[in-house]
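K.L.:
Structure provided below as structure tokens; questions to follow.
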Amino acid sequence: MNNLLNLKNIFVNASLLGLLLISGANPALAADQAAFVYVAHKNDYGWSYSHDIGRLKAEKSLQGKFKTSYIENILDNADSERTFRRLAQQGNKVIFATTFGYMNAIEKVAKQFPNTIFMHANGYKTAKNVGVYDIRTYEGSYLQGVLAGYKTKSNVWVL
């Protein structure tokens, strides 16, 4: 449960920071909208849930300056590309692609909508209007490795 709370806090802060930076950096975005695309139901108590908590907190913190929406249960296939294209056509200034599998669809759609910002979770492909964000899993992984090392009978540790 503690790990879930940490993950939730990370996504809340990442989403809020992203929207604050974007709206603060460009006054033209101050009264616009952002969309989040979830691979699962928003109440899955996992990945999509954490993003949705961040979305709601960002919207509340921005006090009406930025409206958000979401679409859930979008698989990382041709449906995702159509979804991103439709959201950009609807005028969303920022679109959060919340799972790694959306990377190629984002790369393709972003080229068609240079005035829309696409933020991709866990990705590595960037462009002028495509950014990536991730969580710091290495910190917890290091501690897990240390604990596992203390439990080993062979005295061989891997960190």
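Numbering (mature numbering (1 follows the signal peptide of the UniProt record, and there is no 0)), first residue to last: -30 to -1, 1 to 129. Glycine included, C-beta positions come from ideal geometry on N, C-alpha and C. Being a predicted model, the structure only gives us computed values, none of them experimental.
(1) In angstroms, rounded to a whole number, what distance separates the CA positions of Phe83 and Thr53?
(2) In whole angstroms, what separates the C-alpha of Thr96 from that of Asn74?
(3) So residue 130 and Thr86 are supposed to be a Cβ contact under 8 Å. How far apart are they, rounded?
(4) Thinking C-alpha only, which one of His90, Lys123, Gly119 and Val126 is nearest Phe6?
(5) In this structure, does DSSP put Pro(-4) in helix, strand or coil?
(6) Starting from Gln3, trace the beta strand (DSSP E) in both directions and tell me its first and last residue.
(7) For the stretch 27 to 92, which segments carrying the alpha helix (DSSP H) assignment without a break, of at least 4 residues, lie completely within its bounds, in sequence order?
(8) Since I believe Ala4 is in contact with Asn62 (beta carbons under 8 Å), could you give me their beta-carbon distance rounded to a whole number of angstroms?
P.N.:
In short:
(1) Indexing the sequence shown from 1 puts residue 83 at position 113. Indexing the sequence shown from 1 puts residue 53 at position 83. Going by C-alpha positions, Phe83 is about 13 Å away from Thr53.
(2) As a position in the sequence shown, residue 96 is number 126, starting the count at 1. As a position in the sequence shown, residue 74 is number 104, starting the count at 1. Rounded to whole angstroms, Thr96 to Asn74 spans 11 Å at the Cα level.
(3) Since the first residue shown for the chain is -30 and the last is 129, residue 130 is missing from the structure and cannot be characterised.
(4) Working through the sequence shown from its first residue, we reach residue 6 at position 36. Here the closest residue by C-alpha is His90.
(5) Locating residue -4 in the sequence shown gives position 27, counting from the first residue. Because Pro(-4) sits at a pLDDT of 44, beneath the cut-off of 50, its placement in the model cannot be relied upon, and the following sentence gives the value as read from the coordinates. Helix at Pro(-4).
(6) Along the sequence shown, read from residue 1 onward, the residue named residue 3 stands at position 33. Gln3 to Val7 is the span of the beta strand (DSSP E), which, as asked, contains Gln3.
(7) Taken in chain order, the complete alpha helix (DSSP H) segments of 4 residues or longer contained in the stretch 27 to 92 are 48 to 59 and 73 to 82.
(8) For the purposes of this step, residue 62 is taken as the residue at position 92 of the sequence shown. For the purposes of this step, residue 4 is taken as the residue at position 34 of the sequence shown. About 6 Å separates the two Cβ atoms, so the contact holds.
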